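Chains as they are written, first to last, in the UniProt record's numbering: chain A, 1 to 199; chain B, 1 to 199.
Heads up, the beta-carbon is just placed ideally off N, CA and C, and yes, glycines get one too.
Just so you know, these numbers come straight off a predicted model, no measurement behind them.
Number of protein chains: 2
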Amino acid sequence: MAQSRKAKAADGGARLRLIEATAKVMRDEGYAAATSRRVATEAGVKQALVYYYFPSMDDLFVEVLRAGAEVSLARMRDALTDDDPLLTLWSLNGESRMTALNTEFMALANHRKVIRVELKAYAERVRDIETAAVAVSLRARGVDPQAFPPVVVSMLIAQTARSLCNESAVGVTLGHDEMRAFVERQLRTLAAVTPGSGR
Amino acid sequence: MAQSRKAKAADGGARLRLIEATAKVMRDEGYAAATSRRVATEAGVKQALVYYYFPSMDDLFVEVLRAGAEVSLARMRDALTDDDPLLTLWSLNGESRMTALNTEFMALANHRKVIRVELKAYAERVRDIETAAVAVSLRARGVDPQAFPPVVVSMLIAQTARSLCNESAVGVTLGHDEMRAFVERQLRTLAAVTPGSGR
DNA sequence: GTCTATATCCCGATAGAC
DNA sequence: GTCTATCGGGATATAGAC
Numbered sequence: 001m002a003q004s005r006k007a008k009a010a011d012g013g014a015r016l017r018l019i020e021a022t023a024k025v026m027r028d029e030g031y032a033a034a035t036s037r038r039v040a041t042e043a044g045v046k047q048a049l050v051y052y053y054f055p056s057m058d059d060l061f062v063e064v065l066r067a068g069a070e071v072s073l074a075r076m077r078d079a080l081t082d083d084d085p086l087l088t089l090w091s092l093n094g095e096s097r098m099t100a101l102n103t104e105f106m107a108l109a110n111h112r113k114v115i116r117v118e119l120k121a122y123a124e125r126v127r128d129i130e131t132a133a134v135a136v137s138l139r140a141r142g143v144d145p146q147a148f149p150p151v152v153v154s155m156l157i158a159q160t161a162r163s164l165c166n167e168s169a170v171g172v173t174l175g176h177d178e179m180r181a182f183v184e185r186q187l188r189t190l191a192a193v194t195p196g197s198g199r
Numbered sequence: 001m002a003q004s005r006k007a008k009a010a011d012g013g014a015r016l017r018l019i020e021a022t023a024k025v026m027r028d029e030g031y032a033a034a035t036s037r038r039v040a041t042e043a044g045v046k047q048a049l050v051y052y053y054f055p056s057m058d059d060l061f062v063e064v065l066r067a068g069a070e071v072s073l074a075r076m077r078d079a080l081t082d083d084d085p086l087l088t089l090w091s092l093n094g095e096s097r098m099t100a101l102n103t104e105f106m107a108l109a110n111h112r113k114v115i116r117v118e119l120k121a122y123a124e125r126v127r128d129i130e131t132a133a134v135a136v137s138l139r140a141r142g143v144d145p146q147a148f149p150p151v152v153v154s155m156l157i158a159q160t161a162r163s164l165c166n167e168s169a170v171g172v173t174l175g176h177d178e179m180r181a182f183v184e185r186q187l188r189t190l191a192a193v194t195p196g197s198g199r
């Protein structure tokens with residue numbers, strides 16, 4: 001379990017601890033606070049060790065993004081195969097745990113090419129998975145894919161959930177109750193459609 | 001025109017230039033690059049002058065946010081009174097000009113209280129204006145406000161437009177064409193409803 | 001694999017001349 | 001209102017001992 005991939009974990013876990021420490025600092029204080037000294041202290045090692053494991057701070061950021069992406073993608077794949085995919089999509093994207101970190105990477109991606117490339121790849125993998133699950137769900141309910149393309153439905157649900165999270169993070173809650181009620185009403189209505197009635 | 005408010009512009013425009021320079025640096029290189037030295041150089045003044053006009057860098061950031069908010073709010077008020085408010089809402093929020101700066105302030109707001117408070121106030125003023133305009137438009141078309149609350153419709157349109165912008169900024173365009181077609185089809189359908197038919 | 005030490009540079013903020 | 005000069009500190013990254 002600690003041996004995640006290849007022979008990467010031949011150390012005392014310092015590499016992994018550095019990645020986790022960096023994620024924590026970015027989440028709590030922003031990417032600008034995630035300096036080599038700061039994350040080293042957080043991980044319980046000395047500053048120079050950061051440069052033994054990562055060529056530069058940008059490389060460390062990329063590894064943090066990659067690690068988080070793998071975890072998120074795995075959870076998403078699991079969750080979208082069972083249950084009602086639409087409802088699962090709504091809950092998964094509404095988790096506030098990853099919100100702040102996502103925002104940091106979004107800002108970073110706007111100014112650092114390596115981050116941008118990595119984030120784009122991740123976002124498109126997520127969209128593919130979510131859209132596939134939504135497609136199955138909509139087809140089973142006989143929803144016309146011309147009128148409601150699966151990719152549109154998956155984007156609407158995911159983006160709305162994430163927007164509520166982002167706004168909550170800065171204290172904005174105006175209209176949130178109404179929006180949640182609306183989305184959940186729509187999802188219930190759709191779920192009530194007799195599966196196969198459209199055949 | 002250069003005399004915006006009170007007697008603030010008793011200088012040679014240095015204060016305003018500092019605000020604009022800070023916005024530019026934040027947009028181009030991120031908030032972490034907007035240091036007192038960097039923005040001073042960009043504005044053509046010396047670093048110490050920043051602290052003559054602003055007590056701290058955070059205060060400068062707040063002023064940048066305020067200035068941008070005033071401009072955006074004014075444009076929004078103008079645009080939403082004439083034309084089709086729903087379509088205007090869609091276009092205004094789809095402008096990419098402000099996207100990067102908004103993302104920076106979002107990230108900043110997650111970790112700096114003064115920014116968070118200011119951004120929250122701005123976001124709620126925007127929502128109020130947009131919702132009011134949408135309410136008028138929906139009522140004129142006889143849309144049931146129970147089934148489609150104006151605040152929900154305004155959030156959906158605005159958030160979707162902004163999400164497309166944010167994604168485009170990092171190179172993600174998967175599903176964008178479908179989403180744009182979908183939204184514009186919905187807006188056309190709604191616009192085609194004979195005004196007053198619901199009376 | 002982890003450390004100490006160091007080179008080189010930039011940071012926010014203040015004091016005080018003009 | 002704008003400047004020069006400076007304090008105290010932190011940044012990335014490297015060299016080299018253990």
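Query raised in the report: Are the beta-carbon atoms of B:V39 and B:L16 separated by less than 8 Å?
Result: The residue given as residue 39 of chain B occupies position 39 in the second sequence. The residue given as residue 16 of chain B occupies position 16 in the second sequence. No, the pair does not count as a contact, with Cβ atoms beyond the cut-off.
Query raised in the report: Alpha carbon to alpha carbon, how far is A:K24 from A:Q186?
Result: As a position in the first sequence, residue 24 of chain A is number 24, starting the count at 1. As a position in the first sequence, residue 186 of chain A is number 186, starting the count at 1. Answer to the nearest angstrom: the Cα atoms are 36 Å apart.
Query raised in the report: When the distance is taken between beta carbons, is B:S36 closer than 8 Å to B:S96?
Result: One-based indexing of the second sequence puts residue 96 of chain B at position 96. One-based indexing of the second sequence puts residue 36 of chain B at position 36. The answer is no: Cβ separation not under 8 Å.
**Report entry** Proximal residues to B:V153 (C-beta, below 7 Å), its chain only, five neighbours per side dropped
**Finding:** Here residue 153 of chain B is taken as the residue at index 153 of the second sequence, counted from 1. Only V134, L138 meet the Cβ criterion.
Requested in this report: Please compile the residues from chain A whose C-beta is within a distance smaller than 7 Å of the C-beta of B:M155.
Outcome: Taking the second sequence and counting its residues from 1, one reaches residue 155 of chain B at position 155. What B:M155 touches in chain A, judged by beta-carbon distance under 7 Å, is G175, M179, going in chain order.
Requested in this report: Would you tell me roughly how many angstroms separate the C-alpha atoms of residue 242 of chain A and A:E42, rounded to the nearest one?
Outcome: Within the shown structure, residues of chain A are numbered from 1 to 199, placing residue 242 of chain A beyond reach of any answer.
Query - DSSP three-state assignment for A:F182, whether helix, strand or coil - result: Translated into positions along the first sequence, residue 182 of chain A becomes position 182. If DSSP states are grouped into helix, strand and coil, A:F182 belongs with the helices.
Query - Inter-stretch contact at 8 Å, needing at least 3 Cβ pairs: the stretch 142 to 151 of chain A / the stretch 112 to 126 of chain A - result: Under the 8 Å Cβ criterion, the stretch 142 to 151 of chain A does not count as touching the stretch 112 to 126 of chain A, having fewer than three qualifying pairs.
Report task. Taking only the alpha-carbon atoms, compute the straight-line gap between A:R5 and B:V114 and give it to the nearest angstrom. Result -> For the purposes of this step, residue 5 of chain A is taken as residue 5 along the first sequence, with counting starting at 1. For the purposes of this step, residue 114 of chain B is taken as residue 114 along the second sequence, with counting starting at 1. Reliability fails at A:R5, whose pLDDT of 47 lies under 50, so the model's placement of it is uncertain and the value that follows must be treated cautiously. Looking at the two C-alpha atoms, the distance is approximately 43 Å.
Query raised in the report: In chain order, what residues of the same chain lie with their CB nearer than 7 Å to the CB of B:Q47, ignoring the 5 residues before and after it?
Result: Within the second sequence, numbered from 1, the residue matching residue 47 of chain B stands at position 47. Closer than 7 Å at Cβ, skipping near neighbours: S36, R37, A40.
Query raised in the report: If you draw a straight line from the C-alpha of B:D59 to the C-alpha of B:N110, how long is it?
Result: Against the second sequence, residue 59 of chain B aligns to sequence position 59. Against the second sequence, residue 110 of chain B aligns to sequence position 110. Each residue's Cα considered, the two are about 16 Å apart.
Report task. Can you give me, in chain order, the residues of the stretch 79 to 106 of chain B that have a beta carbon less than 8 Å from any beta carbon in chain A? Result -> A100, T103, E104, M106
Query raised in the report: Terminal residues of the continuous alpha helix (DSSP H) containing B:D58?
Result: Within the second sequence, the letter at position 58 stands for residue 58 of chain B. That run of the alpha helix (DSSP H) goes 57 to 81.
Query - Sequence-distant residues of the same chain with beta carbon closer than 6 Å to B:Y31, five excluded per side - result: As a position in the second sequence, residue 31 of chain B is number 31, starting the count at 1. For B:Y31, where only same-chain residues beyond five positions count, the Cβ hits under 6 Å are E104, L108.
Query - Cβ contact (3+ pairs, closer than 8 Å) linking the stretch 70 to 90 of chain A and the stretch 149 to 164 of chain A - result: yes
Query raised in the report: Going by beta carbon distance, what residues of the same chain come within less than 6 Å of B:V45, once the five residues before and after it are set aside?
Result: Sequence index remark: in the second sequence, residue 45 of chain B carries index 45 (1-based). So the list reads A14, once near-sequence residues are dropped.
Query - B:A169: contacting residues in chain A (beta-carbon distance under 9 Å) - result: One-based indexing of the second sequence puts residue 169 of chain B at position 169. Chain A residues near B:A169: M106, A109, N110, R116.
Query raised in the report: Residues of chain B with a CB under 7 Å from the CB of A:V172: which are they?
Result: As a first step, residue 172 of chain A must be located in the first sequence, where it is residue number 172. The CB of A:V172 comes closer than 7 Å to the CB of K120, A123, E124 in chain B, given here in chain order.
**Report entry** Where the alpha helix (DSSP H) containing A:D28 begins and where it ends
**Finding:** The residue labelled residue 28 of chain A in the question sits at position 28 within the first sequence. That run of the alpha helix (DSSP H) goes 14 to 29.
Report task. Just the chain B side, please: which residues come within less than 9 Å of A:A34 by C-beta, in chain order? Result -> Walking along the first sequence from the start, residue 34 of chain A turns up at place 34. What A:A34 touches in chain B: nothing, since even the nearest Cβ is about 10 Å away.
Query - Supposed contact pair B:V64 and B:T22 - C-beta distance, whole angstroms, cut 8 Å - result: As a position in the second sequence, residue 22 of chain B is number 22, starting the count at 1. As a position in the second sequence, residue 64 of chain B is number 64, starting the count at 1. The pair is a contact, with the Cβ atoms about 5 Å apart (cut-off 8 Å).
Requested in this report: Classify A:K46 as helix, strand or coil using the three-state DSSP reduction.
Outcome: For the purposes of this step, residue 46 of chain A is identified with residue 46 of the first sequence, where counting begins at 1. DSSP places A:K46 in coil when its eight states are reduced to three.
**Report entry** As assigned by DSSP and simplified to three states, the class of A:M98
**Finding:** Here residue 98 of chain A refers to the residue found at position 98 when the first sequence is read from its first residue. Three-state result, A:M98: coil.
Requested in this report: Could you confirm whether any beta carbon from chain A is found closer than 8 Å to the beta carbon of B:Q186?
Outcome: On the second sequence, position 186 is the one that residue 186 of chain B refers to. Not a single C-beta of chain A is nearer than 8 Å to the C-beta of B:Q186.
Requested in this report: Taking C-beta pairs closer than 9 Å, name the residues in chain B that A:P149 reaches, listed in chain order.
Outcome: Locating residue 149 of chain A in the first sequence gives position 149, counting from the first residue. Result: G175, E178, M179, A181, F182.
Query raised in the report: With DSSP run on the structure shown, which of helix, strand or coil describes A:D128?
Result: Numbered from 1 along the first sequence, position 128 holds the residue referred to as residue 128 of chain A. Reduced to three states, the DSSP call for A:D128 is helix.
Query raised in the report: Measuring CA to CA, which of A:A69, A:R75, A:R116 is closest to B:V172?
Result: For the purposes of this step, residue 172 of chain B is taken as residue 172 along the second sequence, with counting starting at 1. Of A:A69, A:R75, A:R116, the residue nearest in Cα terms is A:R116.
Query raised in the report: A:A191 to B:H176, Cα distance in whole Å?
Result: For this step, residue 191 of chain A is matched to residue 191 along the first sequence. For this step, residue 176 of chain B is matched to residue 176 along the second sequence. For A:A191 and B:H176, the distance between alpha carbons rounds to 26 Å.
Query raised in the report: Can you tell me whether DSSP reads A:V193 as helix, strand or coil?
Result: Here residue 193 of chain A refers to the residue found at position 193 of the first sequence. Coil, per DSSP.
Query raised in the report: Closer than 8 Å, CB to CB, is B:T160 near chain A or not?
Result: Looking up residue 160 of chain B in the second sequence gives position 160. Yes, B:T160 lies at the interface with chain A (some Cβ there is under 8 Å from its Cβ).
Query raised in the report: Could one say the Cβ of A:S163 lies closer than 8 Å to chain B's Cβ atoms, at least one of them?
Result: As a position in the first sequence, residue 163 of chain A is number 163, starting the count at 1. By the rule that beta-carbons nearer than 8 Å mark a contact, A:S163 touches chain B.
Query - Contacts that residue 223 of chain A makes with chain B (C-beta to C-beta distance below 9 Å) - result: Any property of residue 223 of chain A remains undetermined from this structure, which presents chain A solely from 1 to 199.
Query - Burial state of A:A161 (16 or more Cβ within 10 Å) - result: Indexing the first sequence from 1 puts residue 161 of chain A at position 161. Answer is buried; the Cβ neighbour count reaches 16.
Requested in this report: Quick one: measure Cβ to Cβ for B:L101 and B:R27, integer angstroms, because I've assumed they're closer than 8 Å.
Outcome: Taking the second sequence and counting its residues from 1, one reaches residue 101 of chain B at position 101. Taking the second sequence and counting its residues from 1, one reaches residue 27 of chain B at position 27. So it is a contact: roughly 5 Å between Cβ atoms.
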